[in-house]
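>
Numbering (this note's numbering), first residue to last: 19 to 121.
#1: In whole angstroms, give me the CA-to-CA distance for residue 97 and residue 86.
#2: Does the distance from the CB of residue 139 to the CB of residue 103 come in under 8 Å?
#3: In the structure shown, what three-state DSSP assignment does residue 47 receive?
#4: Return the first residue and the last residue of the alpha helix (DSSP H) that residue 97 is part of.
#5: Return the chain-ordered ranges of every alpha helix (DSSP H) run that is complete within the region 33 to 93 and spans a minimum of 4 residues.
#6: DSSP three-state call for residue 28: helix, strand or coil?
#7: Compare the beta carbon distance of residue 62 and residue 39 with 8 Å and say whether it is the shorter of the two.
#8: To the nearest angstrom, report how far apart residue 121 and residue 101 are at their CA atoms.
#9: So, under 8 Å CB-CB, residue 54 and residue 64 are touching, yes? Tell me the CB distance rounded to an integer number of Å.
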C-alpha cells in the first residue's frame with residue numbers, strides 16, 4: 019500500500035488500525051495507540067494529524083530518508099507511516115504538538 023492510499027483510508031477506524039498493524043512491531047503499535055488515547059483522539063484522526071504535521075515541517079533530507087526506506091520495502095505505506103511516526107512521536111523526534119489549528 020502506498021502512503022496516498024493509506025491517507026485516503028484513515029477515515030475508517032478499522033483501516034487505520036489495519037494500517038498501524040501492518041507496521042508489525044507490537045511495542046511500537048501499542049505506543050502509538052497510547053499516544054492517540056492520551057489525546058482522546060481516534061486513531062485515524064491521530065495518524066492523519068501526524069502525517070499532516072510531517073508533510074508541513076519535514077525538510078528535504080528527512081523526506082528523502084523516509085522515501086528511501088519506503089522504496090526498499092514490500093510494505094512501502096507501512097514503512098513510510100512508521101518513519102513518519104518515529105519522526106513526529108518518538109524519542110529523538112519528539113512528539114510535536116500538532117493540535118488542530120497548529121502546523
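Yeah, the Cβ is synthetic: ideal placement off N, Cα and C, and Gly gets one too.
The relevant details are as follows:
#1: For the purposes of this step, residue 97 is identified with residue 79 of the chain shown, where counting begins at 1. For the purposes of this step, residue 86 is identified with residue 68 of the chain shown, where counting begins at 1. Approximately 10 Å, taken between the alpha carbons.
#2: A question about residue 139 goes unanswered here, because the residues of the chain that appear run from 19 up to 121.
#3: The residue you call residue 47 lines up with position 29 of the chain shown. Looking at residue 47 - three-state DSSP - the assignment turns out to be helix.
#4: As a position in the chain shown, residue 97 is number 79, starting the count at 1. Its alpha helix (DSSP H) spans residues 94 to 107.
#5: 44 to 56, 61 to 75, 78 to 89
#6: Counting from one through the chain shown, the residue named residue 28 turns up at place 10. Of the three classes helix, strand and coil, the one that applies to residue 28 here is coil, per DSSP.
#7: The residue labelled residue 62 in the question sits at position 44 within the chain shown. The residue labelled residue 39 in the question sits at position 21 within the chain shown. No. Outside cutoff.
#8: Taking the first residue of the chain shown as 1, we reach residue 121 at position 103. Taking the first residue of the chain shown as 1, we reach residue 101 at position 83. Note that residue 121 has pLDDT 33, beneath the 50 cutoff, so the model's placement of it is unreliable and the number below is only indicative. Approximately 19 Å between the Cα atoms of the pair.
#9: Position 36 of the chain shown, counted from the start, is the residue given in the question as residue 54. Position 46 of the chain shown, counted from the start, is the residue given in the question as residue 64. At roughly 4 Å, the Cβ-Cβ gap stays under 8 Å, so residue 54 and residue 64 are in contact.
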